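Written below as structure tokens is the structure these notes are about.
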Amino acid sequence: MTGGIVALRDLNVDPDSLDSVIEVVDIHKYFGGLKALKGVSFHVKPREVLGIIGPNGAGKTTLFNVITGFLRPDRGRVIYLGHDITGRRPHYLSKLGIARTFQIAKPFEGMSTLENVLIGLLFAKRGRNGFRVGMSDLVQEARRILEAVGLEHKADSPAGHLTVVERKRLELARVLAIEPTVLLLDEVMAGLSSQEVEWEVDLLKRIKEEKDLTVVMIEHVMKAIMSFSDRLVVLHHGEKIAEGRPEEVARDPKVVEAYLGED
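Pasting the structure below:
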């Protein structure tokens with residue numbers, strides 16, 4: 056892929072025809088003398104939910120930053136739909152259908168909740184021959200997205216007035232606006248109560264099915280990631296120490312020692 060930004064349709068790839076949507080191959084990342092990632096490899100199947108867990112400092116967010124183009128790896132490759140996207144910038148990857156949330160949601164606080172979603176739509180939506188679709192259509196779509204995440208009643212409220220839960224849902228709405236194929240979620244349950252976690256898991260399950268998404272998820276709330284993930288990858292000191300179904304990983308002695316604990 057060379058030249059300007061291309062859209063997912065320009066790749067001319069059917070995700071269902073491939074064994075993996077994303078493949079991470081032997082990723083290494085160093086910060087000075089610190090080895091943040093050491094030879095991490097795994098793949099993500101179409102429509103799969105892959106959870107990434109591990110102690111603080113294990114390299115999880117660094118891995119997300121490499122996949123989404125915020126960091127270039129020192130060694131290794133990131134493959135998306137059969138194409139090497141290693142080191143491509145985030146705005147390029149979002150056009151290809153790769154979207155992510157961040158640990159701390161940072162909306163445009165002076166804008167309304169609706170306007171925050173419109174920004175994503177204005178970036179992503181183009182009609183035939185490259186012309187943007189009409190603003191009235193975008194507003195209607197923004198309202199549909201807000202309804203999908205349970206924020207339609209806050210559409211005209213300043214984003215700066217939203218609660219922690221509402222900010223996280225707005226973060227999700229903003230990335231859904233670009234119609235992603237792959238959604239990377241970085242600790243979307245952090246700071247939520249037990250009941251709020253249940254609500255968010257139910258919401259994510261519904262949106263994944265409705266939008267036909269592949270999901271990669273970093274999370275410390277084990278109740279959430281165990282119930283939502285099809286498979287888990289476990290990182291420790293920048294290395295992958297386990298991979299498999301949640302119930303298998305939970306019994307792995309290395310994972311118990313490094314992260315889960317005996318209880």
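Going by our numbering, the residue at position 27 of the sequence shown is 82; the numbering climbs one at a time, nothing skipped.
Backbone N, C-alpha and C fix where the C-beta goes; we use that ideal spot for every residue, glycine too.
Source: prediction; values computed, not measured.
- Within the same chain, ALA160, VAL243 come within 6 angstroms of LYS223 by CB-CB distance, once the 5 residues on both sides are set aside.
- In this chain, the beta strand (DSSP E) harbouring PHE86 covers 77–86.
- For PHE97, the enclosing beta strand (DSSP E) starts and ends at 89–99.
- Under DSSP, the beta-bridge partners assigned to ARG130 are HIS83.
- The residue from PHE86, ALA228, PRO101 with its alpha-carbon nearest to that of LEU169 is ALA228.
- Cβ neighbours of GLU164 within its own chain (closer than 8 angstroms, five residues either side excluded): PRO213, ALA214, GLY215.
- When the alpha-carbon of GLY299 is set against those of GLU103, MET166, VAL76, ASP81, the nearest one is in GLU103.
- VAL104 sits in a strand when the DSSP states are folded into three classes.
- At the C-beta level, ARG286 and LEU118 stay beyond 8 angstroms of one another.
- Rounded to the nearest angstrom, the gap between the Cα atoms of ILE107 and ALA313 is 14 angstroms.
- Around the C-beta of HIS291, 16 or more other C-beta atoms lie within 10 Å, and the residue is accordingly described as buried.
- In this structure, the CA atom of HIS98 is about 4 angstroms from the CA atom of GLU78.
- Around ARG130, the same chain offers HIS83 as residues with beta carbons nearer than 6 angstroms, after the five sequence neighbours per side are excluded.
- Pairwise C-beta distances place the stretch 263–280 in contact with the stretch 231–251, as three or more of them are shorter than 8 angstroms.
- Taking the C-beta atoms as reference points, ASP81 is found nearer than 8 angstroms to SER96.
- In terms of Cα proximity to ARG199, the closest of ILE122, ALA91, GLU265 is GLU265.
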